[in-house]
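Q: In my numbering, the protein residues as written are 70 to 219.
1. Closest by CA to residue 77, which one among 145, 117 and 96?
2. Starting from residue 113, trace the beta strand (DSSP E) in both directions and tell me its first and last residue.
3. Leaving aside the five residues before and after residue 103 along the sequence, list all residues of the same chain whose C-beta is less than 8 Å from its C-beta, in chain order.
4. Have a look at residue 211 and residue 205 and give me their C-alpha separation to the nearest angstrom.
5. Note the first and the last residue of the continuous beta strand (DSSP E) segment covering residue 139.
6. Assuming the contact rule is C-beta atoms closer than 8 Å, residue 166 and residue 82 should be a hit. Round their C-beta distance to whole Å, please.
7. Which residue marks the beginning of the alpha helix (DSSP H) containing residue 96, and which one marks its end?
8. Quick one: grab the DSSP three-state call for residue 74.
9. If you run the structure through DSSP and keep just helix, strand and coil, what is residue 169?
10. Could you tell me the boundaries of the beta strand (DSSP E) in which residue 122 lies?
11. With distance defined between alpha-carbon atoms, name the residue in 214, 84, 79 and 74 nearest to residue 136.
12. Under three-state DSSP, which class holds residue 186?
13. Would you mind stating whether residue 148 and residue 131 have Cβ atoms separated by less than 8 Å?
14. Exposed or buried, what is residue 79 when buried is set at 16 or more other beta-carbons lying within 10 Å of its beta-carbon?
15. Please state the DSSP three-state secondary structure of residue 104.
16. Which residue from 111, 161, 110 and 113 puts its Cα closest to that of residue 125?
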């Protein structure tokens, strides 16, 4: 029996042409240190961005639908770098990643330019997540090594 949970996905409709949305997503991926543009598939009408938060890299898959030139409909699905979602923590990160990419996308579509402060904040969050993971790991090793559980 698997303990996997459905991958979070959300549908959007924006009053911008698809080309502008794709260009803006690539801009965000280039500017933000926690994002990496992986690929674009014109045949499948999709693109993939990776977002890293400490030890939890996730993929953001954008699937575009056919729409008129001034409107774009698409779905974003968030998946783990290593496979499906398996716990609430992964799902929580996925929802946070989904909200964050859409916040940046909408702001940048309206003319916002990513600042050094945005970049520093993203790096700081990533570093904080790594530090927390290391502290938890050390605590577990110390707890096991100290013999308390015997």
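Glycine included, each C-beta is placed from N, C-alpha and C at the ideal position.
A: Once the coordinates are examined:
1. Here the question's residue 77 lines up with position 8 in the chain shown. Residue 77 has its Cα closest to that of 145, out of 145, 117 and 96.
2. As a first step, residue 113 must be located in the chain shown, where it is residue number 44. Here residue 113 belongs to no beta strand (DSSP E), and DSSP marks it neither H nor E.
3. On the chain shown, residue 103 is found 34 positions in, with the first residue counted as 1. Sequence-distant partners of residue 103 (beyond 5 residues in either direction) whose C-beta falls short of 8 Å from its own C-beta, in its chain, are 120, 121, 122, 191, 192, 194 and 195.
4. What you label residue 211 is simply residue 142 of the chain shown in a count that begins at 1. What you label residue 205 is simply residue 136 of the chain shown in a count that begins at 1. In this structure, the alpha-carbon of residue 211 lies about 10 Å from that of residue 205.
5. If you number the chain shown from 1, residue 139 lands on position 70. Going by DSSP, residue 139 is part of no beta strand (DSSP E) at all; its letter is neither H nor E.
6. The residue given as residue 166 occupies position 97 in the chain shown. The residue given as residue 82 occupies position 13 in the chain shown. Between residue 82 and residue 166 the Cβ distance is about 20 Å, and since that is not below 8 Å, they are no contact.
7. Residue numbering aside, residue 96 sits at position 27 when the chain shown is read from its first letter. According to the DSSP assignment, residue 96 belongs to the alpha helix (DSSP H) that extends over 87-100.
8. Taking the chain shown and counting its residues from 1, the one referred to as residue 74 is at position 5. In this structure, residue 74 counts as strand in the three-state DSSP scheme.
9. Translated into positions along the chain shown, residue 169 becomes position 100. Here residue 169 sits in helix by DSSP.
10. Within the chain shown, numbered from 1, the residue matching residue 122 stands at position 53. Note, residue 122: premise wrong, no beta strand (DSSP E); not H, not E.
11. As a working note, residue 136 is residue 67 in the chain shown. Closest option to residue 136, Cα to Cα, is 84.
12. What you label residue 186 is simply residue 117 of the chain shown in a count that begins at 1. Judged by DSSP in its simplified three-state form, residue 186 adopts helix.
13. The residue you call residue 148 lines up with position 79 of the chain shown. The residue you call residue 131 lines up with position 62 of the chain shown. No, Cβ-Cβ distance for residue 148 and residue 131 is not below 8 Å.
14. Within the chain shown, the letter at position 10 stands for residue 79. With fewer than 16 other Cβ atoms within 10 Å, it is exposed.
15. Locating residue 104 in the chain shown gives position 35, counting from the first residue. Reduced to three states, the DSSP call for residue 104 is strand.
16. Taking the first residue of the chain shown as 1, we reach residue 125 at position 56. Out of 111, 161, 110 and 113, 161 has the C-alpha closest to the C-alpha of residue 125.
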